[in-house]
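**Q** For the sequence shown, the working numbering puts the final residue at 379, and the numbers step up evenly by one.
Supplied in structure tokens, the structure appears directly below.
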Amino acid sequence: MLKEIFKQAWTALGRNPIRSFLTMSGISWGIVAVTLLLSYGSGFRGVLMYTFEVFGKGAVIAWPGTTSEQAGGERAGKPVRFEEEDAEWVKAQSPLVKRVTRETVRFQGVSYGERLSDSAVRGVFAEYGDMRNEVPTDGRWITPEDIAERRRVVFLGARLRKKLFSGEPAVGEIVRIKGVPFTVIGSMDMKFSDSCYFNCDDESAFVPYTAANDLWDTKYASVMVFEPVAPVFEAQAMQQFRAAIANRQHFSPNDKRAITMFGREEFKPIMEGITIGIEALLFFIGAMTLGIGGVGVMNIMLVSVEERVREIGLRRALGARKYILRDKVCYRDLGPDYFDRLNPEGLRRRLTKRLEGLGFKVTLEPLAQVA
Numbered sequence: 009m010l011k012e013i014f015k016q017a018w019t020a021l022g023r024n025p026i027r028s029f030l031t032m033s034g035i036s037w038g039i040v041a042v043t044l045l046l047s048y049g050s051g052f053r054g055v056l057m058y059t060f061e062v063f064g065k066g067a068v069i070a071w072p073g074t075t076s077e078q079a080g081g082e083r084a085g086k087p088v089r090f091e092e093e094d095a096e097w098v099k100a101q102s103p104l105v106k107r108v109t110r111e112t113v114r115f116q117g118v119s120y121g122e123r124l125s126d127s128a129v130r131g132v133f134a135e136y137g138d139m140r141n142e143v144p145t146d147g148r149w150i151t152p153e154d155i156a157e158r159r160r161v162v163f164l165g166a167r168l169r170k171k172l173f174s175g176e177p178a179v180g181e182i183v184r185i186k187g188v189p190f191t192v193i194g195s196m197d198m199k200f201s202d203s204c205y206f207n208c209d210d211e212s213a214f215v216p217y218t219a220a221n222d223l224w225d226t227k228y229a230s231v232m233v234f235e236p237v238a239p240v241f242e243a244q245a246m247q248q249f250r251a252a253i254a255n256r257q258h259f260s261p262n263d264k265r266a267i268t269m270f271g272r273e274e275f276k277p278i279m280e281g282i283t284i285g286i287e288a289l290l291f292f293i294g295a296m297t298l299g300i301g302g303v304g305v306m307n308i309m310l311v312s313v314e315e316r317v318r319e320i321g322l323r324r325a326l327g328a329r330k331y332i333l334r335d336k337v338c339y340r341d342l343g344p345d346y347f348d349r350l351n352p353e354g355l356r357r358r359l360t361k362r363l364e365g366l367g368f369k370v371t372l373e374p375l376a377q378v379a
């Protein structure tokens with residue numbers, strides 16, 4: 009039976025080779041297009057969210073600005089500066105801030121032998137690495153002992169390491185920052201982050217905050233980095249951070265120009281909305297492509313029905329019901345009845361049974377003549 013089914017299908021394809029080829033190509037391409045587009049959309053969303061998350065584990069960056077409102081007898085336009093006492097003040101007065109650290113940044117020449125790169129040199133504390141996802145692949149990160157002992161050690165970003173060492177091992181080597189020797193203690197792979205400030209982490213050199221004081225004045229931090237107790241409390245933690253600094257430096261806690269902050273949670277819904285919109289657009293394009301192949305299938309079914317008009321008319325004249333015709337046209341008798349349709353003897357039995365079901369009494373002789 010299956011052999012006959014495939015034989016008839018092959019014969020039908022041979023009668024209309026171009027139409028059959030184009031239809032099969034359309035359906036195949038439609039399925040492939042839907043699969044590829046949905047996979048691309050899902051992959052794009054994953055990569056975009058990964059690059060967004062890799063910036064830091066809930067890290068919020070705060071930049072000092074200038075006051076725009078008069079408060080506490082202070083004039084507007086007063087510059088805000090981050091000092092060591094500000095970090096301690098935030099820890100004491102901001103229960104929704106899990107941890108806070110200072111960061112000082114300058115662009116300095118970093119050299120190794122005859123190679124020189126003008127890069128961002130960041131003076132940081134030990135907890136900064138965990139807050140900003142600075143994961144070492146070679147060596148180690150800066151430790152509290154490095155901070156306490158003012159050790160001249162440096163941690164290199166991936167691109168800076170490549171510029172200076174061209175793929176050679178860097179840990180243990182001596183580089184010079186502004187002419188001062190620093191020992192390389194570690195480096196990291198490419199971070200692939202879509203967010204950065206001052207310079208990308210991959211092109212930066214990280215040194216202990218206390219050692220950075222040997223290169224420039226670190227009394228005032230360039231930025232402060234803090235982490236809320238949980239991502240859902242990011243907005244409240246920002247308010248508490250600004251209020252704590254405002255309380256110490258005597259400016260309005262509602263003055264947003266005094267301190268500018270960037271946190272990923274407030275932008276996360278926007279990023280998710282963009283990626284969902286892109287996925288929906290790609291799905292629509294794929295569905296339209298698949299629909300073009302569906303039009304080809306409908307065209308073949310229409311032609312198949314037109315080719316069987318005489319057969320359908322004969323069956324209706326013999327009392328066939330609509331659902332019987334639907335079975336014959338749509339499913340092509342795929343099943344036990346298929347062989348009967350090809351066999352004259354089987355057709356005779358089917359016609360006899362159908363007529364007897366309608367109340368007619370028939371004999372084999374006239375029925376055989378009809379068959």
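We put the beta carbon where it would ideally sit given N, CA and C, even for glycine.
A quick note: this is a predicted structure, and the numbers were derived from the prediction, not measured.
Answer yes or no: the CB of ILE278 versus the heavy atoms of the ligand PLP, is any distance below 6 Å?
**A** The ligand PLP is not part of this structure, which contains no ligands at all.
**Q** Check the DSSP bridge columns for ARG114 and list the partner residues they point to.
**A** VAL129
**Q** Counting Cβ pairs, one atom from each stretch, are 3 or more of them under 8 Å apart for the stretch 241-251 and the stretch 27-40?
**A** no
**Q** Within this structure, are the beta carbons of ILE69 and VAL231 separated by less than 7 Å?
**A** yes
**Q** Can you list, in chain order, the residues of its chain with a C-beta nearer than 8 Å to that of TYR48? Leave out the 5 residues immediately preceding and following it.
**A** For TYR48, where only same-chain residues beyond five positions count, the Cβ hits under 8 Å are LEU290.
**Q** Closest to VAL108 by CA distance: which of GLU157, SER195, THR226 and GLU92 is it?
**A** GLU92
**Q** What would DSSP say about PRO103, mapped onto helix, strand or coil?
**A** coil
**Q** The alpha helix (DSSP H) with MET198 in it runs from where to where?
**A** Judged by DSSP secondary structure, MET198 falls outside any alpha helix (DSSP H); it is assigned neither H nor E.
**Q** Within 10 Å of its beta-carbon, does ILE185 have 16 or more other beta-carbons around it, so buried, or fewer, so exposed?
**A** buried
**Q** Can you give me the Cβ contacts of TRP224 inside the same chain, cut-off strictly under 7 Å, excluding the 5 residues immediately before and after it?
**A** Cβ within range, chain order: ARG114.
**Q** DSSP on THR151, reduced to helix/strand/coil?
**A** coil
**Q** Identify, in the order they occur along the chain, each residue of the same chain with its Cβ nearer than 6 Å to the Cβ of SER201, setting aside the five sequence neighbours on each side.
**A** THR59, VAL62 and PHE63
**Q** State buried or exposed for LEU172, treating a residue as buried only when at least 16 other CB atoms are found within 10 Å of its CB.
**A** buried
**Q** Which runs of the alpha helix (DSSP H) at least 4 residues long sit entirely within the stretch 179-267? Give them in chain order.
**A** 217-220 and 242-257
**Q** For the stretch 236-243 against the stretch 255-265, do three or more pairs of beta-carbon atoms, one drawn from each stretch, fall closer than 8 Å, so that the two count as touching?
**A** no
**Q** Rounding to the nearest angstrom, what Cα-Cα distance links GLN116 and VAL40 in this structure?
**A** 52 Å
**Q** Buried or exposed: where does GLY343 fall if 16 or more other Cβ atoms within 10 Å of its Cβ makes it buried?
**A** Because the pLDDT of GLY343 is 44, which lies under 50, any placement of that residue in the model is unreliable, and the number read from its coordinates should be weighed accordingly. That one is exposed.
**Q** Quick one: what does DSSP say ALA272 is sitting in, helix, strand or coil?
**A** Residue identity differs from the one stated: residue 272 is Arg in this sequence, not Ala. Correct three-state label for ARG272: helix.
**Q** What is the C-beta distance between PRO216 and ARG140, in whole angstroms, given that I count them as a contact (C-beta under 8 Å)?
**A** About 15 Å; that fails the 8 Å criterion.
**Q** Whole angstroms are fine: how far does the CA of GLY66 sit from the CA of MET309?
**A** 58 Å
**Q** Assuming contact is defined by CB atoms lying nearer than 7 Å, are ALA229 and ARG110 in contact in what I supplied?
**A** yes
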